[in-house]
Structures are given as C-alpha cells and as structure tokens.
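Enquirer: Numbering (the numbering used here), first residue to last: 6 to 648. The beta carbon of each residue, even a glycine, is placed where N, CA and C say it ideally should be. I'd like to ask some things about the structure below.
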C-alpha cells in the first residue's frame with residue numbers, strides 16, 4: 006500500500022545505481038524483488054527521490070502481502086513500455102490523431118483567422134514587430150506564435166498566399182511535442198510503461214486534438230509548459246542545492262518561450278507549481294538547483310528584445326492594451342460573451358479531457374492512498390492553484406485549462422499501473438464506464454444526425470468511421486466496468502483514433518452550411534470577370550468574420566451599407582475595369598438598397614450564399630452585388646465588342 010512513498014526514500018543517484026546493478030531497463034522493477042517474474046509487472050513507485058529526505062531504501066517500510074496490488078502487464082505494454090519504443094508509438098499515435106483535417110477543415114472563426122491574417126500581413130509588409138489585423142492593432146498576445154507561423158510559411162517554400170495548413174503546422178508540431186514532452190516529464194516519476202500512459206492520455210484528450218488543428222497559441226504554449234514542468238520535477242526530486250545547469254537552461258528557456266507565445270500564462274502555471282512545492286514541503290532551498298539568478302537573467306535576455314521593440318514601435322500602447330484590457334479584462338468580466346460561473350471548467354473537463362476523467366474516477370482511491378508521495382504532491386501543486394485561478398477568472402474558454410491536463414494524467418497513469426479498478430465499487434465502475442462511452446457514442450449520433458439538422462447530407466465514410474469509434478468506446482467502457490482499468494486503454498485509444506479520423510477527416514469538412522466564408526470566396530470566383538482574386542476589390546457589410554478576410558485577402562474592407570453603395574458607384578471602377586463586388590448580408594440589405602437609390606446606383610445580385618454562422622448560431626444570407634451596368638461574361642463567350 007505504501008510503494009509510492011517508500012520508493013521516494015531512495016536518493017536519485019542511489020536509485021540509478023541499483024537499477025544498473027540489477028541490469029534492469031525499467032527502473033521501477035528495482036522495487037519488485039521477490040516476484041517470480043519481474044518482467045510481468047511494473048510498480049508505479051518509480052518516483053526517484055524524496056526532496057530533503059536523507060533516508061535510504063533500507064529505512065523504507067515494507068508493505069504486507071495483502072497490501073501489495075500488482076497487475077500483470079498486457080502484451081502491448083510489454084512491447085511498447087520501454088524508453089526506445091514508447092516515444093515511437095506516441096509519435097505514430099499523435100500523427101494518427103492530429104493530421105486528419107489539417108488540409109480539409111476551413112478556418113474556424115474567430116481566433117484562428119485573426120492569428121493567420123496577422124501573420125499574413127507580417128509577410129506582406131515585412132514588419133515582424135508590430136502585430137496588426139488589417140489596419141487595427143492586435144495588441145493581445147506576444148509575437149511568438151506569429152513568428153512560428155511565418156517561419157512555417159518560409160520553410161515550406163510558400164509566400165503570403167500559403168494555404169491554411171501551413172499556418173497550422175506550428176500548432177500540430179506543438180501538440181506532438183506536448184505528447185512526447187509528457188512522456189519525458191512522467192519519466193521523472195514513473196517507468197517507461199507508466200510514462201507511456203501519461204503521453205497517451207495527453208494525445209487522446211479531445212481538447213489537444215482541437216488545438217492541434219487551430220493556428221493559434223495554445224498547442225505550442227502547452228508544449229513549453231510541459232517541458233518546463235519536466236525540468237522542474239527533476240530539479241525538485243533531486244532535492245539538492247547543487248546547480249543543475251542543463252535542466253536549469255531547459256527550464257528557463259521553456260519559460261521564456263511560453264511568455265513570448267502567450268504572455269504570463271505559462272509563467273503563472275509553473276510559478277504556482279514552484280510555490281506549491283515549497284509550501285507543501287516547507288522548504289525552498291531546493292530551488293537553488295534551478296540557478297534562479299542566472300536563469301532569470303537568461304530569461305530576460307530572451308524575452309526583452311521584442312518587448313523593448315514593441316514598446317518603442319507602439320509607444321507603450323501594446324502593454325496597456327495586452328495587460329490592461331485583454332488580460333485584466335478577462336479577469337473582471339466575461340469578454341466576447343464567454344463569461345461563466347465558477348466550476349464551469351470542472352464540468353467542462355469531463356468532456357474536453359476525455360478519456361482521462363473516466364480513468365481518474367476509477368483511480369481516486371489509489372491516488373488518495375498515496376497522497377503523500379512526491380508524484381501526487383507534484384501533481385497537486387501543478388493542478389490545484391492554477392485550476393482555482395481559472396475558475397475565479399470571469400472569462401472562461403475550454404482551452405484555458407489545457408496546461409493542467411498532464412497534472413491529472415500523471416497520478417492516473419500511476420494508479421493504472423497499480424491495478425486501479427480491480428477493487429472499485431460497482432457504481433463507481435458503472436459511472437466511469439458511462440463517462441468513457443458517452444462522448445464517442447454522442448459524436449457518432451451527431452455525425453449522422455447533425456448534417457440533416459443543418460440541411461446537408463452526412464458523410465458516409467465519416468459516419469461509418471465514427472460509428473466504429475463508438476463501438477470501440479463501448480468496448481472500452483465494458484472492459485473498464487469488468488475490472489482493471491488498464492485493459493480498457495487500448496480500446497479507448499482505437500475509439501479516439503476512429504473519432505478523430507471520421508470527424509476531422511470527413512464529417513467536419515462535409516458540413517458545408519457552416520463553412521460560409523469558403524463558399525463566399527468560391528462564389529466570388531464564379532462571377533464573370535472576377536476570377537482573379539488578386540485584382541478584384543471586395544467590401545462586406547453585415548458579415549464580418551475574420552475567416553472571410555483571411556481567405557479573400559487583406560484588402561477586403563468591412564464598411565457600412567451606405568459605404569458599400571458608394572463603393573460600387575465610384576466612377577473609378579468603370580475607368581479601371583476592375584471587378585468590384587459588395588457582399589451584403591440580408592440584415593443590411595434594405596439599408597444598402599436605400600442608400601443605392603439615393604445616389605442613383607442600380608445594383609444587381611450576381612450570387613447568393615446562405616448558411617449558418619457558427620459564431621452565435623445565426624442564419625446568414627449574403628448577396629454579392631455589382632453595379633448593374635458592369636461588364637460581365639466577356640471571358641465566357643469571347644465577344645468583347647458586343648459586350
């Protein structure tokens with residue numbers, strides 16, 4: 006019963022020596038002496054040291070036979086639960102989960118196209134300091150993600166017209182790095198088999214799959230947080246004041262990268278963890294090993310050049326906007342309609358962290374039993390203070406809690422390796438099984454019925470693949486209900502892969518009614534004389550989604566209905582022969598026609614595009630207007646003189 010704690014009385018250096026002498030590749034097997042076949046088992050007690058403890062292994066109390074709960078390793082864990090094979094499996098799993106949809110899912114309003122458009126304008130203007138969305142300053146987040154997206158465009162050989170998937174590359178890479186970094190972080194506490202489970206839970210989480218496909222900050226921030234926490238865990242477990250230069254460099258560099266990507270969020274998560282470890286351990290001297298003075302200087306050297314440059318470029322406006330309005334504004338009130346009461350994040354985690362919550366419920370007794378172990382202490386210091394802050398902040402979005410996902414995965418993986426679920430109550434297993442089966446079954450139902458609600462046909466391959474994922478989800482729930490939760494993990498993994506492939510690869514792209522902006526650009530391409538997107542001039546009134554700006558071009562203007570009428574009536578449009586189009590949403594159409602009548606303009610509808618704006622769920626009906634006497638069709642029939 007006390008293996009998590011007893012292992013932690015071994016000094017880390019002594020622990021490694023024991024492992025070498027024993028000739029074992031799996032460090033946790035050092036603590037399985039006396040077993041008939043140690044290769045069949047792995048203890049979760051691979052925590053390497055108890056900071057500040059001077060006791061050796063001999064002083065660790067031995068658990069009675071009745072308290073020892075071991076679990077025979079499944080075959081897949083024997084094969085892949087090693088330091089060489091586990092990362093390759095996690096890499097393959099990450100690609101299967103994160104690649105589908107990267108090329109086929111259009112930009113998701115509103116945050117993603119705001120980031121991509123700002124990066125696009127950096128490439129257009131060669132200004133890599135100031136961040137702008139069209140003429141509007143975008144003083145919300147630092148420059149890190151924009152630089153990474155611009156680098157992705159350059160390194161793939163594209164220019165400002167790069168397709169969306171290029172801008173999404175940093176997020177996909179960040180998600181893959183997060184999975185591998187989670188494995189590395191967990192190896193500070195667990196053997197490779199247990200660490201494999203931690204990386205697997207991170208890869209399978211729904212929210213990680215979503216962020217891997219959105220060209221914005223959160224996936225890459227997630228990677229920097231896990232890397233910093235992995236370095237911190239090793240520094241803390243060592244429990245020495247001797248400088249650990251390699252880990253210190255990694256720790257402070259990851260913190261600096263996180264600040265350049267999303268300001269103080271990563272710094273807050275890691276800072277709370279450090280403070281929590283100091284408070285719970287009633288000791289702070291161990292942090293000297295992180296070289297705090299030199300590390301902080303290095304941190305400042307990394308982040309200060311751009312911050313100084315943006316201060317000069319904006320005369321300090323960036324900081325008043327980013328901190329005063331964006332950051333503090335989210336604390337005090339729900340921005341952009343995203344306010345929610347406390348404990349909203351807790352409820353959301355049951356969905357966005359799937360399949361982890363089901364396994365967590367089963368693991369609670371074992372985690373509580375080992376609550377004094379360094380593994381659990383570190384997880385609590387990581388999770389609890391950050392979660393409390395996010396619950397108190399007025400603005401709540403699902404991805405806010407992403408940085409604390411591994412803090413839950415770590416003790417759950419440890420508990421699974423100890424046989425969590427074998428002695429759980431029937432109702433606990435029943436509730437956990439429902440939590441495991443419900444999301445894939447629900448997504449299967451939505452994949453089939455959702456398109457009918459939107460007025461579209463379901464994607465046959467998508468509906469079938471997601472349905473197969475639901476079957477695997479039910480199978481995983483059944484295994485979870487029957488006993489040892491570890492045996493449900495493979496079926497849950499297959500369920501997640503099928504759901505990701507079906508939803509992102511087929512179902513999502515086939516929901517044409519919600520992809521208004523791509524269909525609007527396609528309609529513009531079909532207007533005779535307007536096929537060249539680089540030369541046509543477009544204004545929009547009533548439909549202001551950033552995705553339309555990104556897809557149509559930086560020159561697309563958002564103006565009033567009256568301004569749209571004056572735009573079409575401008576005599577320069579006739580003299581230059583340029584294609585001019587006004588995209589007027591139906592709610593602004595009356596005002597547009599009245600303004601046109603006042604100035605003697607006779608507008609004519611060339612195309613109409615309708616659909617559902619997923620931001621707010623409003624139906625939209627957009628008319629593409631041109632001046633009635635605009636020359637059309639010359640390219641189609643070749644009779645320019647008659648036209």
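Around the C-beta of residue 594, are 16 or more other C-beta atoms found within 10 angstroms, so that it is buried, or is it exposed?
Expert: Locating residue 594 in the chain shown gives position 589, where the first residue counts as 1. A buried status is given to residue 594, since no fewer than 16 other beta-carbon atoms sit within 10 Å of its beta-carbon.
Enquirer: Below 8 Å on the Cβ atoms is my guess for residue 630 versus residue 610; work out the distance and round it to an integer in Å.
Expert: Mapped onto the chain shown, residue 630 falls at position 625. Mapped onto the chain shown, residue 610 falls at position 605. The pair is a contact, with the Cβ atoms about 6 Å apart (cut-off 8 Å).
Enquirer: In its own chain, which residues sit with a C-beta less than 6 Å from the C-beta of residue 278, not counting the 5 before and 5 after it?
Expert: Taking the chain shown and counting its residues from 1, one reaches residue 278 at position 273. If you ignore the 5 residues before and after residue 278, its C-beta comes within less than 6 Å of the C-beta of 386, 387, all in its own chain and listed in chain order.
Enquirer: On the DSSP bridge list, what partners appear for residue 234?
Expert: Here residue 234 corresponds to residue number 229 of the chain shown, with the count starting at 1. Its beta-bridge partners do not exist; DSSP assigns none.
Enquirer: Do residue 275 and residue 233 come within 7 Å of each other at the CB atom, strictly closer than that value?
Expert: Sequence index remark: in the chain shown, residue 233 carries index 228 (1-based). Sequence index remark: in the chain shown, residue 275 carries index 270 (1-based). Against a cut-off of 7 Å, the Cβ pair of residue 275 and residue 233 comes out as a contact.
Enquirer: Buried or exposed for residue 602, please, with buried defined as at least 16 other CB atoms from any protein chain shown within 10 angstroms of its CB.
Expert: Within the chain shown, the letter at position 597 stands for residue 602. Exposed: under 16 other Cβ atoms inside 10 Å.
Enquirer: Unbroken beta strand (DSSP E) runs of length 3 or more, entirely within the stretch 188-245: which are they?
Expert: none
Enquirer: Which residues in the same chain as residue 396 place their Cβ atom closer than 8 Å to its Cβ, once the five residues preceding and following it in sequence are excluded?
Expert: As a first step, residue 396 is located in the chain shown; it is residue number 391 there, counting from the start. Excluding positions up to five away in sequence, the list reads 347, 348, 349, 350, 351.
Enquirer: Have a look at the DSSP bridge pairing and note the partners of residue 609.
Expert: Position 604 of the chain shown, counting from 1, holds the residue named residue 609. The partner list for residue 609 (beta bridge, DSSP) reads 631.
Enquirer: Can you say whether residue 1 is buried or exposed, counting buried as having 16 or more other CB atoms within 10 angstroms of its CB?
Expert: Nothing in the structure corresponds to residue 1, since the chain is present only between 6 and 648.
Enquirer: Within 10 Å of its beta-carbon, does residue 119 have 16 or more other beta-carbons around it, so buried, or fewer, so exposed?
Expert: Along the chain shown, one-based indexing puts residue 119 at 114. Residue 119 is buried by the Cβ-count criterion.
Enquirer: Which same chain residues end up closer than 7 Å to residue 404 when comparing Cβ atoms and leaving out the 5 residues on each side of it in sequence?
Expert: In the chain shown, the residue the question calls residue 404 occupies position 399. 212, 216, 223.
Enquirer: I need the DSSP call for residue 539, collapsed to helix, strand or coil.
Expert: Position 534 of the chain shown, counted from the start, is the residue given in the question as residue 539. Three-state DSSP puts residue 539 in coil, outside helix and strand.
Enquirer: Out of curiosity, what's the CA-to-CA distance linking residue 208 and residue 361?
Expert: Residue mapping note: residue 208 aligns to position 203 of the chain shown, counting from 1. Residue mapping note: residue 361 aligns to position 356 of the chain shown, counting from 1. Answer to the nearest angstrom: the Cα atoms are 11 Å apart.
Enquirer: I think residue 367 touches residue 425, with their Cβ atoms under 8 Å apart; what is that distance to the nearest whole Å?
Expert: In the chain shown, the residue the question calls residue 367 occupies position 362. In the chain shown, the residue the question calls residue 425 occupies position 420. Rounded, the Cβ-Cβ distance is 5 Å, consistent with contact.
Enquirer: Is the stretch 123-138 touching the stretch 165-176, taking contact as three or more C-beta pairs under 8 Å?
Expert: Contact between the stretch 123-138 and the stretch 165-176 is present, because at least three Cβ pairs lie under 8 Å.
Enquirer: Would you list, in sequence order, the uninterrupted alpha helix (DSSP H) runs of no fewer than 4 residues that lie entirely inside the stretch 459-541?
Expert: 465-487, 494-507, 521-531
Enquirer: At 4 residues or longer, and completely inside the stretch 252-314: list those alpha helix (DSSP H) runs for me, N to C.
Expert: 270-286
Enquirer: With distances taken from CA atoms, which of 318, 614, 483, 133 is nearest residue 523?
Expert: Residue mapping note: residue 523 aligns to position 518 of the chain shown, counting from 1. If we check each option's Cα against that of residue 523, 614 comes out closest.
Enquirer: Name the DSSP bridge partner or partners of residue 625?
Expert: Sequence index remark: in the chain shown, residue 625 carries index 620 (1-based). According to DSSP, which records beta bridges pairwise, residue 625 is partnered with 616.
Enquirer: Which of the three DSSP states is assigned to residue 550 in this structure?
Expert: Here residue 550 is taken as the residue at index 545 of the chain shown, counted from 1. If DSSP states are grouped into helix, strand and coil, residue 550 belongs with coil.
Enquirer: Classify residue 321 as buried or exposed, calling it buried when 16 or more other Cβ atoms lie within 10 Å of its own Cβ.
Expert: The residue you call residue 321 lines up with position 316 of the chain shown. Flag for residue 321 reads exposed.
Enquirer: State the start and end residues of the unbroken beta strand (DSSP E) segment that holds residue 587.
Expert: To locate residue 587, count along the chain shown from 1; it is residue 582. Run containing residue 587: 585-590, per the beta strand (DSSP E) assignment.
Enquirer: Using the Cα positions of residue 34 and residue 369, report the straight-line distance between them to the nearest angstrom.
Expert: Within the chain shown, the letter at position 29 stands for residue 34. Within the chain shown, the letter at position 364 stands for residue 369. Its pLDDT being 37, under 50, residue 34 is placed unreliably in this model, and the value from its coordinates should be taken loosely. Cα to Cα, residue 34 sits roughly 24 Å from residue 369.
Enquirer: Among 81, 569, 533, 187, which residue has its Cα nearest to the Cα of residue 544?
Expert: Locating residue 544 in the chain shown gives position 539, counting from the first residue. For residue 544, the nearest C-alpha among the options comes from 569.
Enquirer: Grab the span of the alpha helix (DSSP H) containing residue 119 for me, first residue to last.
Expert: Reading the chain shown from its first residue, position 114 is the one you call residue 119. That run of the alpha helix (DSSP H) goes 116-130.
Enquirer: Can you name, in chain order, every residue of its own chain whose Cβ lies under 6 Å from the Cβ of residue 323, other than the five neighbours on each side?
Expert: On the chain shown, position 318 is the one that residue 323 refers to. The answer, listed in chain order, is 144, 315.
Enquirer: Run the CB neighbour count on residue 155, radius 10 Å, all protein chains shown included, and call it buried at 16 or more, exposed below.
Expert: Taking the first residue of the chain shown as position 1, residue 155 is located at position 150. Counting Cβ neighbours within 10 Å, residue 155 comes out buried, since at least 16 surround it.
Enquirer: How many Å lie between residue 381 and residue 618 at the Cα?
Expert: Your numbering for residue 381 matches position 376 in the chain shown. Your numbering for residue 618 matches position 613 in the chain shown. Those two C-alpha atoms are separated by around 44 Å.
Enquirer: Given that a residue counts as buried once 16 or more other Cβ atoms are within 10 Å of its Cβ, and exposed if not, what is residue 5?
Expert: What is shown of the chain runs 6 to 648, which leaves residue 5 out entirely.
Enquirer: According to DSSP, is residue 165 helix, strand or coil?
Expert: Counting from one through the chain shown, the residue named residue 165 turns up at place 160. DSSP places residue 165 in coil when its eight states are reduced to three.
Enquirer: Go ahead and label residue 393 buried or exposed: buried means 16 or more other beta carbons lie within 10 angstroms of its beta carbon, across all protein chains shown.
Expert: As a position in the chain shown, residue 393 is number 388, starting the count at 1. Exposed, since its Cβ has fewer than 16 Cβ neighbours within 10 Å.
Enquirer: To which residues of the same chain is residue 70 closer than 8 Å at the C-beta, ignoring the five residues directly before and after it?
Expert: Counted from its first residue, the chain shown places residue 70 at position 65. Unreliable positioning characterises residue 70 in this predicted model, as indicated by a pLDDT of 36, which lies under 50. A coordinate reading is not provided.
Enquirer: Would you decide whether residue 309 is buried or exposed? Buried here means 16 or more other CB atoms lie within 10 Å of its CB.
Expert: Here residue 309 corresponds to residue number 304 of the chain shown, with the count starting at 1. Exposed.
Enquirer: For residue 266, count neighbouring C-beta atoms within 10 Å of its own C-beta (all shown protein chains included) and say buried if the count is 16 or more, exposed if not.
Expert: What you label residue 266 is simply residue 261 of the chain shown in a count that begins at 1. When all chains shown are included, residue 266 counts as buried.
Enquirer: Below 6 Å, is the gap between the Cβ of residue 446 and the nearest heavy atom of the ligand MG?
Expert: No copy of the ligand MG appears in this structure; indeed no ligand is present at all.
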